[in-house]
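For what it's worth, full-length UniProt numbering labels the leading residue of the sequence shown as 1, then goes sequentially.
Take a look at the structure set out below.
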Amino acid sequence: MQRCFTLTIVRHWALRKKLLTISYQQSAAMSTLLINQPKYAWLKELGLSEENDGVYNGNWGGKGEVITSYCPANNEPIARVRQATMAEYEETVQKSRDAWKVWADIPAPKRGEIVRQIGDALRKKIKVLGSLVSLEMGKIYVEGVGEVQEYVDVCDYAVGLSRMIGGPVLPSERPGHALIEMWNPVGLVGIITAFNFPVAVYGWNNAIALICGNVCLWKGAPTTPLTSVAVTKIVAEVLEQNNLPGAICSMTCGGADIGTAMSKDERVDLVSFTGSTHVGKMVAMLVQERFGRNLLELGGNNAIIVFEDADLNLVVPSAVFASVGTAGQRCTTTRRLMLHGSIHDVVVERVAKAYKQVRIGDPWDPSTMYGPLHTKQAVDQYLAAIEQAKQQGGTVVCGGKVMDRPGNYVEPTIITGLAHDAPIVHTETFVPILYVLKFQTEGEAFAWNNEVKQGLSSSIFTKDMGRVFRWLGPKGSDCGIVNVNIPTSGAEIGGAFGGEKHTGGGRESGSDSWKQYMRRSTCTINYSKDLPLAQGIKFE
Numbered sequence: 001m002q003r004c005f006t007l008t009i010v011r012h013w014a015l016r017k018k019l020l021t022i023s024y025q026q027s028a029a030m031s032t033l034l035i036n037q038p039k040y041a042w043l044k045e046l047g048l049s050e051e052n053d054g055v056y057n058g059n060w061g062g063k064g065e066v067i068t069s070y071c072p073a074n075n076e077p078i079a080r081v082r083q084a085t086m087a088e089y090e091e092t093v094q095k096s097r098d099a100w101k102v103w104a105d106i107p108a109p110k111r112g113e114i115v116r117q118i119g120d121a122l123r124k125k126i127k128v129l130g131s132l133v134s135l136e137m138g139k140i141y142v143e144g145v146g147e148v149q150e151y152v153d154v155c156d157y158a159v160g161l162s163r164m165i166g167g168p169v170l171p172s173e174r175p176g177h178a179l180i181e182m183w184n185p186v187g188l189v190g191i192i193t194a195f196n197f198p199v200a201v202y203g204w205n206n207a208i209a210l211i212c213g214n215v216c217l218w219k220g221a222p223t224t225p226l227t228s229v230a231v232t233k234i235v236a237e238v239l240e241q242n243n244l245p246g247a248i249c250s251m252t253c254g255g256a257d258i259g260t261a262m263s264k265d266e267r268v269d270l271v272s273f274t275g276s277t278h279v280g281k282m283v284a285m286l287v288q289e290r291f292g293r294n295l296l297e298l299g300g301n302n303a304i305i306v307f308e309d310a311d312l313n314l315v316v317p318s319a320v321f322a323s324v325g326t327a328g329q330r331c332t333t334t335r336r337l338m339l340h341g342s343i344h345d346v347v348v349e350r351v352a353k354a355y356k357q358v359r360i361g362d363p364w365d366p367s368t369m370y371g372p373l374h375t376k377q378a379v380d381q382y383l384a385a386i387e388q389a390k391q392q393g394g395t396v397v398c399g400g401k402v403m404d405r406p407g408n409y410v411e412p413t414i415i416t417g418l419a420h421d422a423p424i425v426h427t428e429t430f431v432p433i434l435y436v437l438k439f440q441t442e443g444e445a446f447a448w449n450n451e452v453k454q455g456l457s458s459s460i461f462t463k464d465m466g467r468v469f470r471w472l473g474p475k476g477s478d479c480g481i482v483n484v485n486i487p488t489s490g491a492e493i494g495g496a497f498g499g500e501k502h503t504g505g506g507r508e509s510g511s512d513s514w515k516q517y518m519r520r521s522t523c524t525i526n527y528s529k530d531l532p533l534a535q536g537i538k539f540e
């Protein structure tokens, strides 16, 4: 008896010691989080803490895996997020469907008023939210703030659009009949976004989908969960202030399991996916299998073509901005620079000189022009691509190395000497590597632009107006964005954003992109006492 009692006491103290050790380790780990350092106290202005709920459906939760978000500039942990379980996903979808019943009954201009308030709420947090984007994604501060501004701009655009969406009244061939088009919301829009634009891409989809009468379910990138949480907190507060269901804009942080569930779920009427072509293809197949709708914004292997008559004072800064901006991690990044043979050497020399003047540093330093890659895996992809380029005949003109400093920093790189159809040139690598190609004729350059699988963005530099309109015409660029004398990146929100071929074909943001978030009905109304049939058919 005594022995059993003693053994129980020993086990009790051993267990207590183990729990205390775990508690100490957790406390020590928490103390190393950037959010607990005075320098990063501003994170708490966004409602963030050491461990954050990763599910929102009117209530906050998160019972799944706890993940840590890391800063790409130093690979130090920022804070943690509790992801969604499949049970929480199910609950969130059901609450979203219920919220739609409320939201769909609100007139579109009134929905626009709510979106206006979301834009105003984002304005108030623009600097601190931009700083979070910079800290968690790795892009420079001015780009982080600019990304939030893009969401704000789309909100402003959507407010006006809420009073303009609708279909035409068409002439009917039958007397006493009216022929009209009705546009109605699809219902629940699932939005899956990528790490490189963790605010803006959600904003493009969210603001337009909302004024159309849809509710949104957001799954952000697993490596930028804090940004997803912070944005959702801002939006949720606006909904709460207006006594609206929080599940109008719900969120489930998670990995491939959540994305797969959304793609397969017939209750998700439209899946808007932004990411790689490889994953986008899988999403498209899952959605198509159930005859659902998808909106795909995938990769881009974008080219700038510089002709002999180009203004090089425009070419050089454009090429540098489009290839180095966001450390080469934009879908619209210039990856191929095609130069006419007569100006090839001088342009390469000037662009390489400009590369060496790019200020590299901490992304939240306002003077920095170039920050780190988002992950260590991206650094490995950078090195592998350079090695492949060398094996295929390329010469590294500048860059080509991992930088000796904390974080995921690599040198922006220029490679010449490759064939236009070299395998590595046709491979979209999400890193700052610019392949310079030499061409001789317009037809050759246009063909090289179009021969890659993606079709997102493209640009030519020329003063020849005939060439400009050939470039814009049916035998010119096959991309969704076709520019002249400007970079491939930096699109405005007023135009439709998206591309062709392996880029996915989807369109977001401006122009008539709102139609992707709605379903169309052709309605014929007989207000006469007769029943004439179309095409003059008699059925008597």
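Don't be surprised by glycine CBs; every beta carbon is placed ideally from N, CA and C.
Note that the coordinates shown come from a computational prediction; the quantities given were computed from them, not determined experimentally.
Worksheet entry | Nearest-angstrom Cβ-Cβ length linking Ser-509 and Pro-487, presumed shorter than 8 Å | Actually they are not in contact, since the Cβ atoms of Ser-509 and Pro-487 sit about 18 Å apart, beyond 8 Å.
Practice prompt. Determine the burial state of Lys-524: buried for a count of at least 16 other Cβ atoms within 10 Å of its Cβ, exposed for fewer.
Written response: Position check: residue 524 holds Thr in this sequence, whereas Lys was assumed. Counting Cβ neighbours within 10 Å, Thr-524 comes out exposed, since fewer than 16 surround it.
Practice prompt. Answer yes if the region 247-258 comes into contact with the region 213-222, meaning at least three C-beta pairs across the two stretches below 8 Å, and no otherwise.
Written response: yes
Discussion item. Below 8 Å, how does it come out for the region 419-436 and the region 328-337: are there three or more Cβ pairs, yes or no?
Written reply: yes
Worksheet entry | Whole runs of the beta strand (DSSP E) within the region 278-329, excluding any shorter than 3 residues | 293-297, 302-306
Fill in: For Phe-430, the nearest candidate out of Val-348, Val-306, Ser-276, Glu-451 (CA to CA)
Ser-276
Worksheet item: Alpha carbon to alpha carbon, what distance is there between Asn-243 and Glu-237?
Response: 10 Å
Discussion item. Strictly by DSSP, which residues pair up with Tyr-56?
Written reply: Trp-60, Met-251
Worksheet item: Does DSSP put Arg-80 in a helix, a strand or coil?
Response: strand
Worksheet item: Which residue's Cα is closest to the Cα of Ile-234: Lys-125, Gly-254, Gly-498?
Response: Lys-125
Practice prompt. Taking only runs that begin and end inside the region 449-515, name each unbroken beta strand (DSSP E) of 3 or more residues, in chain order.
Written response: 457-461, 481-484
Worksheet item: For Gly-213, which residues of its own chain have a beta-carbon under 6 Å away from its beta-carbon, when the five flanking residues on both sides are left out?
Response: Ala-104, Pro-185
Worksheet item: Under the rule that 16 or more other beta-carbon atoms within 10 Å means buried, what is Asn-75, buried or exposed?
Response: exposed
Worksheet item: Grouping DSSP H, G and I as helix and E and B as strand, with all else coil, what is Cys-398?
Response: strand
Item to complete: Please name the residue in Ala-230, Ser-323, Val-283 whose C-alpha comes closest to that of Arg-293.
Response: Val-283
Worksheet entry | Lys-101 - containing alpha helix (DSSP H), residue span | 86-103
Discussion item. Could you give the first and the last residue of the continuous beta strand (DSSP E) run that contains Pro-225?
Written reply: Per DSSP, Pro-225 belongs to no beta strand (DSSP E); it is in the alpha helix (DSSP H), 225-241.
Worksheet item: Pairing CB atoms from the region 288-306 with CB atoms from the region 498-509, are three or more of them under 8 Å?
Response: yes
Discussion item. So Ile-424 and Gln-381 are supposed to be a Cβ contact under 8 Å. How far apart are they, rounded?
Written reply: About 12 Å separates the two Cβ atoms, so there is no contact after all.
Worksheet item: Under a three-way DSSP split, which group does Trp-13 fall into?
Response: Legend: pLDDT at Trp-13 = 49, less than 50; position of this residue unreliable, no value from coordinates given.
Worksheet item: Going by C-alpha distance, which of Pro-175, Ala-209, Phe-497 is nearest Cys-155?
Response: Ala-209
Worksheet item: From Arg-467 to Asn-449, what does the alpha carbon distance come to, in whole angstroms?
Response: 15 Å
Discussion item. Closest to Ser-477 by C-alpha separation, out of Ala-496, Val-452, Arg-290, Lys-353, would be which residue?
Written reply: Val-452
Practice prompt. For Thr-92, I'd like the list of residues in its chain whose CB is within less than 6 Å of its CB, leaving aside the five on either flank, ordered along the chain.
Written response: Asn-57, Ser-250, Thr-252
Worksheet item: Is the number of C-beta pairs between the region 344-363 and the region 517-533 that are closer than 8 Å three or more?
Response: no
Discussion item. Suppose you measure from the CA of Met-465 to the CA of Gly-341; what does that come to, to the nearest Å?
Written reply: 21 Å
Worksheet entry | C-alpha distance - Pro-198 paired with Thr-227, whole-angstrom precision | 7 Å
Discussion item. Using the Cβ count rule (16 or more neighbours within 10 Å means buried), how would you classify Thr-333?
Written reply: buried
Practice prompt. Name the residue from Leu-270, Lys-39, Tyr-409 whose alpha carbon lies nearest to the alpha carbon of Val-189.
Written response: Leu-270
Worksheet item: Between Val-152 and Gly-112, which are expected to be in contact by the criterion C-beta below 8 Å, what is the C-beta distance as a whole number of angstroms?
Response: Not quite, the Cβ-Cβ distance comes to about 14 Å (not below 8 Å), so this is no contact.
Worksheet item: What does DSSP give as the partner residues of His-420 in its beta bridges?
Response: Paired residues: none, contrary to the question.
Worksheet item: Is Glu-540 buried or exposed, if buried means 16 or more other CB atoms sit within 10 Å of its CB?
Response: exposed
Worksheet item: What do you reckon, are the CB atoms on Met-262 and Ile-192 nearer than 8 Å?
Response: yes
Worksheet item: Among Ser-323, Glu-65, Gly-499, which residue has its Cα nearest to the Cα of Met-369?
Response: Ser-323
Discussion item. Whole angstroms are fine: how far does the CA of Asp-345 sit from the CA of Glu-308?
Written reply: 12 Å
Worksheet item: What residue from Met-137, Val-102, Glu-147, Glu-136 has the CA that sits closest to Leu-122's CA?
Response: Glu-147
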